[in-house]
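Note sheet for the following structure.
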Amino acid sequence: MTSAGVRVSALPGSAGQRASRLAPEIHDMILANIRDSTTELANCSLVCNLWLHLCRYYLFNEVNFRHDFAQLLSTSPHARLTIAPYIRKAEVKGGHIVQGEKELLLASAFQLPSLKSLHVEGLSWEDMKPASELASGSSSFSQLSNLSLNHVVFASLNTLLDFFDSLPSLEVLSLQNLSWNTLKSGPAEEIGFTRGHMTPSSLKRLHLSSCHNFAFLNWLLHGTISDSLIENCGDSHRQFPFLVALSLPDIMPAEAKLFKLFLTSVGSTLEHLEFGLVGKSGDDRGVGDVSPHLALTTNSNLKTLVIHQITLFYFPSLVRHDAHASSTSTYSPYSWIPSLISTIQSSDIHIIGFRMWFSSETQLDMFPWADLSSALLKVEVPIIRFHVSGIGRDTHLVEQWITTRLEDIDKQTIKFDFLG
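Residue numbers 1 to 420, in the UniProt record's numbering, belong to the letters of the sequence shown in order.
This is the structure:
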């Protein structure tokens, strides 16, 4: 009986001998087809020694790293030899972790010799040692390439940055609902982070959601912890030679200029961009006046653009202010969107998407459809995708509302996803 509750028995010796005569490529194909079945993999691991390594490779590739599992690895030499080397993805959830167990759990995860991806969720890091201390003595922790933090609280931003500073090979970073108690502003060298070591970033994908974008982007771009926009810095910013995907779905209007600086710094490397601007209300001119601060002219290899936070439901409605105007787009808080699309210089642009929230056709009049149509025709994008929320069953009717407003656009290029 395995730890997963699977009863297995060894196959006869003749079966193992026949299996051992199969070409290694056939072994790989057989086990790859059943890699999602714990039961089948456990059975196959007993066929012959040649299969054992690959079965463990699939069985322990991704684990839910609980406290009892960490204890097993720390107390069993056999587990350290037969399980730990195969773990490449670990998930740590703090909801049910006793206070005194958190450091042991994370320290054990940081010691995994083959760990490449770590997801931490629902954890308070306020009273724990920095990651660099928890990983002390581990030669493999610096090889971590994928880090995801969700609903994690740090004592200070310094503690979080210490985490990143310990990961020189980090390629994928996802931060959601991240917070810290204190923010000590000032040059990085004053708080232990040397601005002189602004080595090019290894990041390939970056996602920030419900975080303090300003402070984090400032550090990432300039090596400085600050809530203020840093201008006239010349070339003293970090380079991002590998960053192909960037997602910031909830940018505040005050962060728009810093976001533009970041886009400029990334430059032609960027291929996939998702972002959204959050306004307090439809009359918030901070959203409507951001177009001078946003442009995609330097992102010459952009393939995908998705714009979030297009909320057309306002009370009272803004459309009534346009009664004597020649175009509703004059008063639209989203007039910056067609302007932004018009700045696209990439000939590889393949998809432009819009995440919209509305509940009736009249609310669509708030959006500058005529300007959007002109901008889309200019960039000649082959796929235009609307991700619609707030609509019930009348999805075909909604498709008609939007395609009618984009009558100059080929209907075959317009796609819809309804998210409820």
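Glycine included, each C-beta is placed from N, C-alpha and C at the ideal position.
Since this is a predicted model, take the numbers as computed values, not measurements.
Going along the chain, which residues of its own chain have a beta-carbon closer than 8 Å to the beta-carbon of residue i, five neighbours each way excluded?
{"i": "T403", "result": "I409, K411, I414"}
{"i": "Q400", "result": "none"}
{"i": "H308", "result": "P249, D250, E274, F275, G276, R355"}
{"i": "L376", "result": "I341, I352, I384, L406, I409"}
{"i": "S359", "result": "F313, G390, I391"}
{"i": "L203", "result": "L170, E171, V172, L173, F240, F242, L243"}
{"i": "F69", "result": "V63"}
{"i": "G186", "result": "In this prediction, G186 has a pLDDT of 46, which is less than 50 and means its spatial position is unreliable; what the coordinates show is noted afterwards. Counting only Cβ-Cβ distances below 8 Å, and skipping sequence neighbours, we find T224, I225, S226."}
{"i": "M128", "result": "K102, E103, L106, L134"}
{"i": "E126", "result": "V153, F154, A155, N181"}
{"i": "I310", "result": "G276, Y334, I337, F354, R355, M356, W357, F367"}
Give me whichever residues DSSP pairs with residue i in a beta bridge.
{"i": "residue 422", "result": "With the chain represented from 1 up to 420, any question about residue 422 goes unanswered, as that position is not in the structure."}
{"i": "K385", "result": "First, the residue type needs correcting, since residue 385 is Arg and not Lys in the sequence shown. R385 pairs with G353, K415."}
{"i": "H67", "result": "DSSP output for H67 lists no bridge partner at all."}
{"i": "S124", "result": "V153"}
{"i": "A90", "result": "V63, L118"}
{"i": "E274", "result": "S247, V306"}
{"i": "T182", "result": "S156"}
{"i": "T311", "result": "W357"}
Apart from the five residues just before and just after residue i, which ones in its own chain have a Cβ nearer than 6 Å to its Cβ?
{"i": "F259", "result": "I251"}
{"i": "C211", "result": "L175, L178"}
{"i": "Q345", "result": "T297, S300"}
{"i": "F110", "result": "L134, A135, S138, F141"}
{"i": "T264", "result": "T298"}
{"i": "F60", "result": "I83, Y86, I87"}
{"i": "V266", "result": "F240, L243"}
{"i": "S247", "result": "H207, E274"}
{"i": "S201", "result": "R238, F240"}
{"i": "T182", "result": "S156"}
{"i": "S329", "result": "With a pLDDT of 40 at S329, under the threshold of 50, the modelled position of this residue cannot be trusted, and the question is left open."}
{"i": "P130", "result": "T159, D162"}
{"i": "S148", "result": "H119, S174"}
{"i": "F416", "result": "F386, E399"}
{"i": "A245", "result": "R205, H272"}
Leaving out the 5 sequence neighbours to the left and right, which residues in its chain are closer than 7 Å to residue i when beta-carbon positions are compared?
{"i": "F214", "result": "D227, E255, L258"}
{"i": "L160", "result": "F154, W180"}
{"i": "S142", "result": "S166, L167, P168, S169"}
{"i": "F418", "result": "V388, I391, T395"}
{"i": "I97", "result": "H67, L105"}
{"i": "L229", "result": "K257, L258"}
{"i": "G95", "result": "G122"}
{"i": "A79", "result": "L72, L73"}
{"i": "L221", "result": "H237, R238, L261, F262, S265"}
With a Cβ-Cβ cutoff of 8 Å, do residue i and residue j count as a contact?
{"i": "T269", "j": "L296", "result": "no"}
{"i": "L364", "j": "L312", "result": "yes"}
{"i": "G279", "j": "P249", "result": "no"}
{"i": "E171", "j": "N150", "result": "no"}
{"i": "L105", "j": "H67", "result": "yes"}
{"i": "S332", "j": "M366", "result": "yes"}
{"i": "T335", "j": "D371", "result": "Position check: residue 335 holds Ser in this sequence, whereas Thr was assumed. The answer is yes: Cβ separation under 8 Å."}
{"i": "L157", "j": "I225", "result": "yes"}
{"i": "E90", "j": "L112", "result": "According to the sequence displayed, residue 90 carries Ala and not Glu. Result yes, Cβ atoms of A90 and L112 sit closer than 8 Å."}
{"i": "L73", "j": "S108", "result": "yes"}
{"i": "P338", "j": "P368", "result": "yes"}
{"i": "F262", "j": "L294", "result": "no"}
{"i": "K116", "j": "S145", "result": "yes"}
{"i": "D162", "j": "S209", "result": "no"}
On a CA-only basis, which of the options is nearest residue i? Give me that one, please.
{"i": "K93", "options": "Y86, K102, I87", "result": "K102"}
{"i": "R238", "options": "S247, L248, W219, L229", "result": "W219"}
{"i": "H119", "options": "L221, V63, D68", "result": "V63"}
{"i": "R205", "options": "L229, F240, W336, D162", "result": "F240"}
{"i": "V306", "options": "Q99, L115, F386, L203", "result": "F386"}
{"i": "E380", "options": "W357, T304, E361, R393", "result": "T304"}
{"i": "I349", "options": "F164, S209, K378", "result": "K378"}
{"i": "E271", "options": "L302, L217, L261", "result": "L302"}
{"i": "S114", "options": "S76, L221, Q99, Y57", "result": "Y57"}
{"i": "W357", "options": "M198, G100, A245, G420", "result": "G420"}
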